[in-house]
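Residue 356 in our numbering sits at position 355 of the sequence shown, and the numbers go up by one each step. Heads up, the beta-carbon is just placed ideally off N, CA and C, and yes, glycines get one too.
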Amino acid sequence: MAGVRSKKSSPERSYDVLIVGAGLFGLTMAERLIRELGKRVLLIDRRDHIGGNCASEVDSITGIECHKYGAHLFHTSDQRVWDYVNQFTSFTNYVHKVYITHKGEVYPMPINLGTINQFFHSSYTPDEARAEIAKQASSAPAHPTNLVEQGISLIGKPLFNAFIKNYTAKQWQTPAEELSPEIIKRLPVRYNYNNNYFKDTYEGLPVDGYGAWFQNIVAKCGKNLEIRLGIDYFTDPQIAKLRRSDIFTIYTGPIDRYYDYRFGELKWRSIELEKEVVDVDDFQGCPVMNYADLDQKFTRIHEFKHFHPERNYGCYAEGSDKTVIVREYSKTWTRDDEPYYPVNTAEDREKLDQYRALAENESNIIFGGRLGEYAYYDMDKTIAAALAKFDEIKDRV
Ligand code: UDP
Numbered sequence: 002m003a004g005v006r007s008k009k010s011s012p013e014r015s016y017d018v019l020i021v022g023a024g025l026f027g028l029t030m031a032e033r034l035i036r037e038l039g040k041r042v043l044l045i046d047r048r049d050h051i052g053g054n055c056a057s058e059v060d061s062i063t064g065i066e067c068h069k070y071g072a073h074l075f076h077t078s079d080q081r082v083w084d085y086v087n088q089f090t091s092f093t094n095y096v097h098k099v100y101i102t103h104k105g106e107v108y109p110m111p112i113n114l115g116t117i118n119q120f121f122h123s124s125y126t127p128d129e130a131r132a133e134i135a136k137q138a139s140s141a142p143a144h145p146t147n148l149v150e151q152g153i154s155l156i157g158k159p160l161f162n163a164f165i166k167n168y169t170a171k172q173w174q175t176p177a178e179e180l181s182p183e184i185i186k187r188l189p190v191r192y193n194y195n196n197n198y199f200k201d202t203y204e205g206l207p208v209d210g211y212g213a214w215f216q217n218i219v220a221k222c223g224k225n226l227e228i229r230l231g232i233d234y235f236t237d238p239q240i241a242k243l244r245r246s247d248i249f250t251i252y253t254g255p256i257d258r259y260y261d262y263r264f265g266e267l268k269w270r271s272i273e274l275e276k277e278v279v280d281v282d283d284f285q286g287c288p289v290m291n292y293a294d295l296d297q298k299f300t301r302i303h304e305f306k307h308f309h310p311e312r313n314y315g316c317y318a319e320g321s322d323k324t325v326i327v328r329e330y331s332k333t334w335t336r337d338d339e340p341y342y343p344v345n346t347a348e349d350r351e352k353l354d355q356y357r358a359l360a361e362n363e364s365n366i367i368f369g370g371r372l373g374e375y376a377y378y379d380m381d382k383t384i385a386a387a388l389a390k391f392d393e394i395k396d397r398v
């Protein structure tokens, strides 16, 4: 890969900026600093690959592209982000579809008129369904302050109990009354039969895969970008030297880790992914099947061949007899696990405020990305945040 060096071959040279973390925030910052400002950037990552949690790999048995850290679907309504990402990859016309199994029956997700009519064995029109759900939601307060209140106000109690309550309990293992209402606002509720998972203007998967997208960013950065993988910011001696030189740093690791957890840990959820190659052409007939009930311990199963129907593999190819499925289990985060989802309780927010106050007083380091900002960012939001941060700092780098 152009510009990527292993940790052993690190020549001494000078850099203008150190970026810690080669996920979307770090890559976007690197690209902007180099291509707009002509800066020399050292980008390091503790992992042996770039792309952070968006990285994918090709399964060696089936040739199917699998997302290493859980499914990543690109979608955005932000024109700036869409134009930006299209410089590095084009996108397929994939539209994400999810189904959910509840008490032995499969329903479309997110909740739409199909889900509602199937669940209530009814044939409501859009207006009738709206009126019925409004009745069922009437116990919720006008201004929901947590996930339960928000969920019930959106879809009423029976649907909440069937499709959200136990899934959320499995996913977050935190009393839903302590979770932010924002979590559930991510999902659309529709009074028609549209069961597209997202509601954004643009959606798709990188045509040649996530790896090709990120390698194109690196290629466009040219010789002003050096990437060193397998490097720990906190323990690597060469990085320690750079830190002492007070180099301008963009840090995208966990903000509490940076400050040595002095106000305590911010809570995360992690996940465990259990991959299996199955000897059937098509395991579940859709990209993602959620499991609403507590008797299945996993939250969902991904079947990656359905992410790229345009590719000549999987059930889209003549005579295929294998598929790859990945069961996703939610997991309590410890310091040895990858952080995925910020739990973001009131206690976490209090600690975060303290960390942010320290961060604001730093002159030569900024924090960004899901981990650096402790934010439940989608890919497009991460890129938007990086572009905005770049605008903010470009005169002082
Ligand atoms: N959710 C749920 N049932 C579902 C799907 C989602 O209860 O079938 C809730 C759950 O609390 C989850 C949140 O909605 O954390 C957001 O779901 P999304 O699919 O956006 O989560 P992600 O893909 O980021 O894990």
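Quick one: is residue i buried, meaning 16 or more other Cβ sit within 10 Å of its Cβ, or exposed?
| i | result |
| --- | --- |
| S154 | buried |
| R371 | buried |
| L295 | exposed |
| A135 | exposed |
| D392 | exposed |
| E204 | buried |
| F284 | buried |
| G27 | buried |
| G152 | buried |
| P343 | buried |
| I62 | exposed |
| E13 | For E13, the predicted model reports a pLDDT of 45, less than 50, meaning its position is unreliable and no value from the coordinates is stated. |
| T250 | buried |
| T357 | For clarity, residue 357 is Arg in the given sequence; the question names Thr instead. The residue in question, R357, is exposed, as its Cβ has fewer than 16 Cβ neighbours within 10 Å. |
| E363 | exposed |
| F368 | buried |
| P127 | exposed |
| A387 | buried |
| K104 | exposed |
Checking 9 Å against the spacing of the C-beta atoms, do residue i and residue j come in under that value?
| i | j | result |
| --- | --- | --- |
| M290 | Y198 | no |
| P288 | K171 | no |
| K221 | E273 | no |
| A293 | N167 | yes |
| L267 | P255 | yes |
| F100 | T29 | Looking at the sequence provided, one finds Tyr at residue 100 rather than Phe. Not closer than 9 Å, so no. |
| V42 | T253 | no |
| I117 | E133 | yes |
| H68 | D379 | no |
| I439 | D46 | Given a span of 2 to 398 for the chain in the structure shown, any question on residue 439 remains unanswerable. |
| S246 | D282 | no |
| T169 | L160 | no |
| R312 | E66 | yes |
| A141 | E129 | no |
| D257 | K352 | yes |
| L74 | R229 | no |
Hey, is residue i close to the ligand UDP, as in C-beta under 8 Å from one of its heavy atoms?
| i | result |
| --- | --- |
| N291 | yes |
| I165 | yes |
| P182 | no |
| V99 | yes |
| I185 | yes |
| Y342 | yes |
| Y168 | yes |
| Y95 | no |
| M110 | yes |
| Y194 | no |
| A72 | yes |
| L148 | yes |
| Q172 | yes |
| L188 | yes |
| Y377 | yes |
Using a Cβ-Cβ distance cut-off of 9 Å, determine whether residue i contacts chain C.
| i | result |
| --- | --- |
| G22 | Absent from the structure is chain C; it holds one protein chain and no more. |
Mind checking whether the beta-carbon of residue i lies closer than 8 Å to any heavy atom of the ligand SAM?
| i | result |
| --- | --- |
| L44 | Inclusion of the ligand SAM in the displayed structure is not the case, the ligand content consisting of the ligand UDP alone. |
- Message: Count Cβ pairs between the region 334–352 and the region 294–309 that sit closer than 8 Å; are there 3 or more?
- Response: no
- Task: Would you check if the region 39–59 and the region 208–219 touch, i.e. whether three or more CB-CB distances between them fall below 8 Å?
- Result: yes
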